[in-house]
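As numbered in the working numbering, the sequence shown has no gaps in its residue numbers, which increase by one up to the final residue, 514. Positions of the beta carbon are idealized from the N, C-alpha and C atoms, including for glycine. A quick note: this is a predicted structure, and the numbers were derived from the prediction, not measured. These notes are about the structure you will find just below.
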Amino acid sequence: MTSRPGGLKIVGAFIAALVFGALLGSVIQTQFNLMALQNLGVEIAVGERLQTSLMDIVNFAPVYGALFGVSFLLSQSAALLLGRVVGERWLAPVCALAAAIGLWVTFILANALAPMPTLIAATRGSGGLLAMLAGAAVSGWLFARLVGVSSVGSRGYGTALGLVLVGGLMLPADQAVAQPSSDYRIEVVTEGLEHPWSIAFLPGGGALVTERVGRLRLLSKDGKLQPEPLSGVPEVFASGQSGLNEVSLAPDFPDSQQIYLSYACGTAKANHTCLARSRLGDQGLENTEEIFRVQPAKVGAAHYGGRIAWLPDDTLALSLGDGFDYREEAQKLTSHIGTIVRLNGDGSAPADNPFKGQQDALPEIYSYGHRNVQGLIYDSEENRLIAHEHGPKGGDEINLIEAGKNYGWPITSFGLDYTGARVTPFTDRPGMESPLLQWTPSIAPSGMTLYTGELFPQWQGDLLVGALAAKQVHRVSLENGEAREVEVLFEALNERIRDVETGPDGAVYLLTDSANGQVLRVTPR
-10 MTSRPGGLKI VGAFIAALVF GALLGSVIQT QFNLMALQNL GVEIAVGERL
40 QTSLMDIVNF APVYGALFGV SFLLSQSAAL LLGRVVGERW LAPVCALAAA
90 IGLWVTFILA NALAPMPTLI AATRGSGGLL AMLAGAAVSG WLFARLVGVS
140 SVGSRGYGTA LGLVLVGGLM LPADQAVAQP SSDYRIEVVT EGLEHPWSIA
190 FLPGGGALVT ERVGRLRLLS KDGKLQPEPL SGVPEVFASG QSGLNEVSLA
240 PDFPDSQQIY LSYACGTAKA NHTCLARSRL GDQGLENTEE IFRVQPAKVG
290 AAHYGGRIAW LPDDTLALSL GDGFDYREEA QKLTSHIGTI VRLNGDGSAP
340 ADNPFKGQQD ALPEIYSYGH RNVQGLIYDS EENRLIAHEH GPKGGDEINL
390 IEAGKNYGWP ITSFGLDYTG ARVTPFTDRP GMESPLLQWT PSIAPSGMTL
440 YTGELFPQWQ GDLLVGALAA KQVHRVSLEN GEAREVEVLF EALNERIRDV
490 ETGPDGAVYL LTDSANGQVL RVTPR
């Protein structure tokens, strides 16, 4: 007669300990995120800390509870079995240890399966990881104290093992701001490209296209893809988001035949964004040399940046990512990570760079506080450098880039972490630039062009911003120092748009990001 009440007691104890563990884990996550900002010199008031903690309990705790719940169910089921053998005296330490081990294994599996290197930001360092595991151990201890071995009968154990937890994060649906124009037609120029990333048009006709896996392909004047990739491409680290990125022609390309390639180099344990220059010969690339390498090295395969924009003085700007797990590096002038650098054609730092000659600052840095800039163009008409960057879950940005300015990440952001946790309590701070435009929910912006062709006069002077997650192109007007989204285009394609370029013929060219990627040409209907 006592086994059924024992089962109900176990279920109740499990739910109570799980809720406690989810709340405790959320609070720990919040404090370690805020501690990372404090280590950058940011002052966080008690009210801001409390508000951030409460918001994380609402947004992050349910997600963490689902993740923790699976591990807690399995670990405590095993601990109860063992507890019946070792006796009530040892049940609490057994449940505590099992909960910590179960969560640790769950973190390993989640990080291996998730697209980002580390799913729970607090666990990027050993201190945060140990704190989260300690929180799980306390939950296991609480479960044991609420249960007791005497309550665990055979049916009670079966009740606990059969408990099902359902949790998840409801993501907001993407919304288009306007219906697309209908006065264009889209044709396939070529297909069969493996995750194409960038296209550069050659003066005599044809184009160069990079494939993220590490190949550089040549399109003939009539748009046909040459069967063999070009030789001489530098060795590329291709994994996850890493690989071969931008191809860009030198300003004097007709005379020098020089091209520039941005790419990930190194290994999974130590990699960088790199920049190489080569000469385009008849049989492939010649005299390829690496001219710049981001320092320090990082682990993982996310957030490399990689866009190139040439400035009027023949220097180039190269966008860089924060490596995902290294977001605090974006606020450190001793690191290239999370910055935009400005380089001479040989990879050296120009003498008039904003931090050249400054102690404890890298001379190549032009601007900093960036997350992952994958759109970068120079507007020669208005003499301005324009960038967009990925936010986390929301908070994608368009910015005007000025020398020496701080663009805030990760101290300011309109986005949340992918788990729903707040990266920061601030959307603006003194001394940090605010975006001209931000997207929440995220569109995952990619390539970008400033349309200057004649085929679409209604688009003249507007930005066309590709979107990976939204599978669209967003037309953005820049007037009087303000950005305004006008419409979304090409969503009927239902394709991840990796690059957007204005062709020499005035058409808009799109690269689709897939294993069978295409080059598409957009012209008036």
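### Task
On the DSSP bridge assignment, give the partners of Asn361 in chain order.
As a working note, residue 361 is residue 372 in the sequence shown. Its beta-bridge partners are Gly310.
### Proximity below 7 Å, CB of Lys258 to CB of Val236
Position 269 of the sequence shown, counted from the first residue, corresponds to residue 258. Position 247 of the sequence shown, counted from the first residue, corresponds to residue 236. No, they are not a contact pair.
### Query
Just how far apart, CA to CA, sit Pro218 and Gln272?
Position 229 of the sequence shown holds residue 218. Position 283 of the sequence shown holds residue 272. Each residue's alpha carbon lies about 10 Å from the other.
### Query
What is the residue span of the alpha helix (DSSP H) that Gly91 lies within?
Locating residue 91 in the sequence shown gives position 102, counting from the first residue. Element bounds for Gly91: 80 to 102.
### Query
So Leu108 packs on Ala99, CB below 8 Å; how close in whole Å?
Mapped onto the sequence shown, residue 108 falls at position 119. Mapped onto the sequence shown, residue 99 falls at position 110. Confirmed, Cβ separation roughly 5 Å.
### Query
Between which two residues does the alpha helix (DSSP H) harbouring Thr41 extend?
Counted from its first residue, the sequence shown places residue 41 at position 52. First-last of the alpha helix (DSSP H) with Thr41: 35 to 48.
### Message
Looking at Ala25: is its Cβ nearer than 7 Å to the Cβ of Leu80?
### Response
For the purposes of this step, residue 25 is taken as residue 36 along the sequence shown, with counting starting at 1. For the purposes of this step, residue 80 is taken as residue 91 along the sequence shown, with counting starting at 1. Result no, Cβ atoms of Ala25 and Leu80 do not sit closer than 7 Å.
### Task
In angstroms with no decimal places, state the Cα-to-Cα distance between Ala149 and Leu69.
Counting from 1 along the sequence shown, the entry for residue 149 is found at position 160. Counting from 1 along the sequence shown, the entry for residue 69 is found at position 80. Residue placement at Ala149 cannot be trusted, given a pLDDT of 43 that sits under 50; what the coordinates show is reported in the next sentence. Between Ala149 and Leu69, the C-alpha separation is close to 9 Å.
### Own chain partners of Gly147 with C-beta closer than 6 Å, once the 5 adjacent residues on each side are dropped
As a working note, residue 147 is residue 158 in the sequence shown. Note that Gly147 scores a pLDDT of 46, beneath 50, so its modelled location is shaky; the value from the coordinates is reported in the next line. Result list for Gly147: empty, nothing under 6 Å.
### Query
When the Cα of Leu466 is compared with those of Asp488, Met437, Ala459, Glu32, which residue comes out closest?
Sequence index remark: in the sequence shown, residue 466 carries index 477 (1-based). The question names Leu, yet the displayed sequence has Ser at residue 466. Among Asp488, Met437, Ala459, Glu32, the Cα nearest to that of Ser466 is on Met437.
### Query
Do Val225 and Leu214 have their CB atoms nearer than 7 Å?
For the purposes of this step, residue 225 is identified with residue 236 of the sequence shown, where counting begins at 1. For the purposes of this step, residue 214 is identified with residue 225 of the sequence shown, where counting begins at 1. Taking 7 Å as the Cβ cut-off, Val225 and Leu214 do not qualify as a contacting pair.
### Message
On a Cα-Cα basis, can you pick out the residue from Leu478, Ile33, Gln363 that is closest to Trp186?
### Response
Within the sequence shown, numbered from 1, the residue matching residue 186 stands at position 197. Of the listed residues, the one whose Cα sits closest to Trp186 is Gln363.
### Query
So, using beta-carbon positions, are His377 and Ile390 closer together than 7 Å?
For this step, residue 377 is matched to residue 388 along the sequence shown. For this step, residue 390 is matched to residue 401 along the sequence shown. In this structure, Ile390 does not lie closer than 7 Å to His377 by Cβ.
### Message
By the three-class DSSP mapping on this structure, what secondary structure does Val317 have?
### Response
Locating residue 317 in the sequence shown gives position 328, where the first residue counts as 1. The identity of residue 317 in the sequence shown is Glu, whereas the question assumes Val. Of the three classes helix, strand and coil, the one that applies to Glu317 here is helix, per DSSP.
### Query
Do Glu200 and Glu183 have their C-beta atoms within less than 7 Å of each other?
Position 211 of the sequence shown, counting from 1, holds the residue named residue 200. Position 194 of the sequence shown, counting from 1, holds the residue named residue 183. Yes, they are a contact pair.
### Query
Pairing CB atoms from the stretch 30 to 43 with CB atoms from the stretch 55 to 65, are three or more of them under 8 Å?
no
### Message
Just to confirm, is the Cβ distance from Gly193 to Leu274 under 7 Å?
### Response
Here residue 193 corresponds to residue number 204 of the sequence shown, with the count starting at 1. Here residue 274 corresponds to residue number 285 of the sequence shown, with the count starting at 1. Going by C-beta atoms, Gly193 is not nearer than 7 Å to Leu274.
### Query
Is the stretch 412 to 431 in contact with the stretch 475 to 488, if contact means three or more CB pairs nearer than 8 Å?
no
#### Entry: Contact belief for Glu278 with Cys263 at Cβ below 8 Å, rounded distance in angstroms
The residue given as residue 278 occupies position 289 in the sequence shown. The residue given as residue 263 occupies position 274 in the sequence shown. 11 Å between Cβ atoms; not a contact.
### Collapsed DSSP secondary structure at Ile109 in the structure displayed
As a first step, residue 109 must be located in the sequence shown, where it is residue number 120. Note: Ile109 maps to coil in three-state DSSP.
### Beta-carbon spacing of Ser356, Gly384 below 7 Å
As a first step, residue 356 must be located in the sequence shown, where it is residue number 367. As a first step, residue 384 must be located in the sequence shown, where it is residue number 395. Cβ distance not < 7 Å, so Ser356 and Gly384 don't count as in contact.
### Query
Taking buried to mean at least 16 other C-beta atoms within 10 Å of its own C-beta, is Arg485 buried or exposed?
Translated into the one-based positions of the sequence shown, residue 485 becomes position 496. Its Cβ being crowded by 16 or more others within 10 Å, Arg485 is buried.
### Task
Ignore the nearest five residues each way along the sequence and tell me which others in Ala496's own chain have a CB closer than 8 Å to its CB.
Translated into the one-based positions of the sequence shown, residue 496 becomes position 507. So the list reads Gly442, Leu444, Arg510, Val511, Thr512, once near-sequence residues are dropped.
### Message
So within the stretch 228 to 284, which uninterrupted beta strand (DSSP E) runs reach at least 3 residues, ignoring any that extend past its ends?
### Response
233 to 238, 247 to 256, 259 to 269, 274 to 282
### Task
State the DSSP-derived secondary structure class of Tyr407, mapped to helix, strand or coil.
What you label residue 407 is simply residue 418 of the sequence shown in a count that begins at 1. Correct three-state label for Tyr407: coil.
### Query
What's the call for Lys460, buried or exposed, on a 16-neighbour Cβ count within 10 Å?
Translated into positions along the sequence shown, residue 460 becomes position 471. Buried is the call here.
#### Entry: Best match in Gly212, Tyr173, Asp172, Ala338 for proximity to Ala189 [C-alpha to C-alpha]
Position 200 of the sequence shown, counted from the first residue, corresponds to residue 189. The residue with the shortest Cα to Cα distance from Ala189 is Gly212.
### Exposure of Val94, with buried meaning 16 or more beta-carbon neighbours within 10 Å
What you label residue 94 is simply residue 105 of the sequence shown in a count that begins at 1. When all chains shown are included, Val94 counts as exposed.
### Query
Tell me, which residues are paired with Arg73 by DSSP?
Walking along the sequence shown from the start, residue 73 turns up at place 84. Arg73 pairs with nothing; no bridge assigned.
### Task
Taking all protein chains shown into account, decide if Glu471 is buried (16 or more other Cβ within 10 angstroms of its Cβ) or exposed.
Along the sequence shown, read from residue 1 onward, the residue named residue 471 stands at position 482. The residue is exposed, with fewer than 16 neighbouring Cβ atoms inside 10 Å.
### Query
Would you call Glu318 buried or exposed, if buried means 16 or more other Cβ atoms sit within 10 Å of its Cβ?
Working through the sequence shown from its first residue, we reach residue 318 at position 329. Buried is the call here.
### Task
Can you tell me which of Pro223, Thr429, Leu322, Ala196 puts its alpha carbon nearest to the alpha carbon of Thr179?
On the sequence shown, residue 179 is found 190 positions in, with the first residue counted as 1. With distances taken between Cα atoms, Thr179 lies closest to Ala196.
### Query
Looking only at DSSP bridge pairs, what is His463 linked to?
Here residue 463 refers to the residue found at position 474 when the sequence shown is read from its first residue. Val454, Val477.
### Message
Can you tell me where the beta strand (DSSP E) holding Met437 begins and where it ends?
### Response
Here residue 437 corresponds to residue number 448 of the sequence shown, with the count starting at 1. Looking at the DSSP string, the run of the beta strand (DSSP E) that includes Met437 is 434 to 439.
### Query
Looking only at C-alpha atoms, which of Ala5, Gly358, Ser423, Ala392 sits nearest to Leu135?
For the purposes of this step, residue 135 is taken as the residue at position 146 of the sequence shown. Looking at the Cα atoms, Ala5 is the closest of the given residues.
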